[in-house]
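So the structure is just underneath, and the comments pick up after that.
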Amino acid sequence: MQGVRKIYTGLQYTILREAFGLGIYYGGFHIFLRNVLGEKDRENAKFRNQVASAIFAGLIYNMWAYPFDTFKTNVQSGRYKTVSSMIKSKFWQEKAVKQGAAILLMRGLVADSISLIVYENARNMVEKAVRKTEAE
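Next comes the structure, spelled out in structure tokens:
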């Protein structure tokens, strides 16, 4: 029975990561697009500004998510029993943790920005189609 329960070990870290992380991801995209790059309308935003905002959003999301993923993975693997024991061991000074962060940020910048750009453009196309249908 431990095998089935083991799946849920660390679930609280996943919930924390996603609950706040997705707000950071989507909110960061829109805040950066409007307040930093000066786009007034997200539907008509320049593509280069969408890319810059998506890269920013992916970066801040991954910086937020990485510690939670590390906690979850180490607790699930049984390496540490609790987060406090992990923090006391100074696990973040390990080479693997630093290398993992670098790989995650590189992957995240590409994958998360592409996902967000595709999402935004698909959403814009759907909204335009709906408005066109409603106007008819």
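Start counting the sequence shown at 56; every next residue gets the next number (the numbering used here). Ideal placement from N, C-alpha and C gives every residue a C-beta, glycine not left out. Every value quoted in this text rests on a predicted model; they were computed, and no experiment measured them.
Taken through DSSP and simplified to helix, strand or coil, residue 82 comes out as helix.
Shown here, residue 167 sits in a helix according to DSSP, grouped into three states.
With fewer than 16 neighbouring CB atoms inside 10 Å of its own CB, residue 132 falls in the exposed class. DSSP places residue 100 outside both helix and strand once states are collapsed to three, so it counts as coil. Annotation: residue 177 to residue 63 spans about 34 Å, alpha carbon to alpha carbon.
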